[in-house]
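Undergrad: Have a look at this one before I ask anything.
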Amino acid sequence: PASAPAAASTPPLANRLLSAHRLNLTPAAPASLTFRSEQETEAVIWLRAHSTTGDYRSYKVRLTLDGQPLADHAIRFAYVSLGHGGPVVGARLWDPVSRVISQPDQPLGFRVAAGDHTLGLQILDQAPMVVEQAVITNDLGYLPPGRADFLVEPVVAEEGN
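Take this note's numbering: the final residue in the sequence shown is number 704, and no numbers are missing along the way.
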């Protein structure tokens, strides 16, 4: 006899994208972004950045949530490189900011209470970099379009170039 069809339902994830901001964060210009969460949640922050000189392999960004320290995060531009030639100047890279965990059962995201919040971002030192976009999401599986972390897509030259 045939088995009965299985039925499963997964409730949709509320507020998947809490915030998506365009910005021009440079060492001389810290930024703050406001967002609202309808419920307490666990969130991950994605930063889209690029190196303006290619001189260094990583830069640090300090993040705060509602004025409290959240993370000092290193964006590793060396992932977008040509062989061992260092970072590719101007190559945009999405980099996730999540908690550093010591136990596998600890949450990967940052705890965000329900309500209005301010995320502060500041580039440490005088790193030649620009952070041009930030995404805050409670979807821990979210992957923004384009180059993300160490995943580098091949560049195909157009005819005539």
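Yeah, the Cβ is synthetic: ideal placement off N, Cα and C, and Gly gets one too.
Cβ atoms of Val604 and His616: under 8 Å apart, would you say?
TA: Sequence index remark: in the sequence shown, residue 616 carries index 73 (1-based). Sequence index remark: in the sequence shown, residue 604 carries index 61 (1-based). Yes, these two residues count as a Cβ contact at 8 Å.
Undergrad: I'd like to check one pair, Ala677 with Leu608: are the Cβ atoms closer than 8 Å?
TA: The residue given as residue 608 occupies position 65 in the sequence shown. The residue given as residue 677 occupies position 134 in the sequence shown. Result no, Cβ atoms of Leu608 and Ala677 do not sit closer than 8 Å.
Undergrad: Under a Cβ-count criterion, where at least 16 other Cβ atoms within 10 Å of its own Cβ denotes burial, should Leu568 be classed as buried or exposed?
TA: Residue 568 sits at position 25 when you count from the first residue of the sequence shown. Leu568 comes out buried.
Undergrad: Buried or exposed: which applies to Leu662, given that a residue is buried once 16 or more other Cβ atoms fall within 10 Å of its Cβ?
TA: Residue mapping note: residue 662 aligns to position 119 of the sequence shown, counting from 1. With 16 or more other Cβ atoms within 10 Å, it is buried.
Undergrad: What did DSSP end up calling Ala581 once you bin it into helix, strand or coil?
TA: Here the question's residue 581 lines up with position 38 in the sequence shown. Here residue 581 turns out to be Glu, not Ala, going by the sequence shown. Collapsing the DSSP output to three states places Glu581 in coil.
Undergrad: What does DSSP give as the partner residues of Ser641 in its beta bridges?
TA: Against the sequence shown, residue 641 aligns to sequence position 98. Ser641 pairs with nothing; no bridge assigned.
Undergrad: Are the Cβ atoms of Leu667 and Val674 separated by less than 8 Å?
TA: Translated into positions along the sequence shown, residue 667 becomes position 124. Translated into positions along the sequence shown, residue 674 becomes position 131. Not closer than 8 Å, so no.
Undergrad: With Tyr685 as the anchor, note down where its beta strand (DSSP E) starts and where it stops.
TA: Sequence index remark: in the sequence shown, residue 685 carries index 142 (1-based). Per DSSP, Tyr685 belongs to no beta strand (DSSP E) and is neither H nor E.
Undergrad: Grouping DSSP H, G and I as helix and E and B as strand, with all else coil, what is Leu590?
TA: On the sequence shown, position 47 is the one that residue 590 refers to. Leu590: strand per DSSP, three-state reduction.
Undergrad: Can you look up Ala670 in the DSSP assignment and give me helix, strand or coil?
TA: Sequence index remark: in the sequence shown, residue 670 carries index 127 (1-based). Coil.
Undergrad: Excluding five sequence neighbours on each side, which residues of the same chain lie with their C-beta closer than 8 Å to the C-beta of Leu556?
TA: Taking the sequence shown and counting its residues from 1, the one referred to as residue 556 is at position 13. Summary for Leu556: the model assigns pLDDT 48, below 50, so the residue's position carries little reliability, and this model does not support an answer.
Undergrad: In whole angstroms, give me the CA-to-CA distance for Leu613 and Pro671.
TA: If you number the sequence shown from 1, residue 613 lands on position 70. If you number the sequence shown from 1, residue 671 lands on position 128. Taking the straight line from one Cα to the other gives about 23 Å.
Undergrad: Starting from the Cα of Pro570, find the closest Cα among Glu581, Tyr602 and Arg619 and give me that residue.
TA: Taking the first residue of the sequence shown as 1, we reach residue 570 at position 27. Between Pro570 and the set Glu581, Tyr602 and Arg619, the nearest pair of CA atoms involves Tyr602.
Undergrad: So for Pro612, helix, strand or coil by DSSP?
TA: Position 69 of the sequence shown, counted from the start, is the residue given in the question as residue 612. The answer is strand: DSSP assigns Pro612 an E or B state.
Undergrad: By a C-beta neighbour count over all protein chains shown, 10 Å radius and 16 as the cutoff for buried, is Leu651 buried or exposed?
TA: In the sequence shown, residue 651 corresponds to position 108, counting from 1. It counts as exposed.
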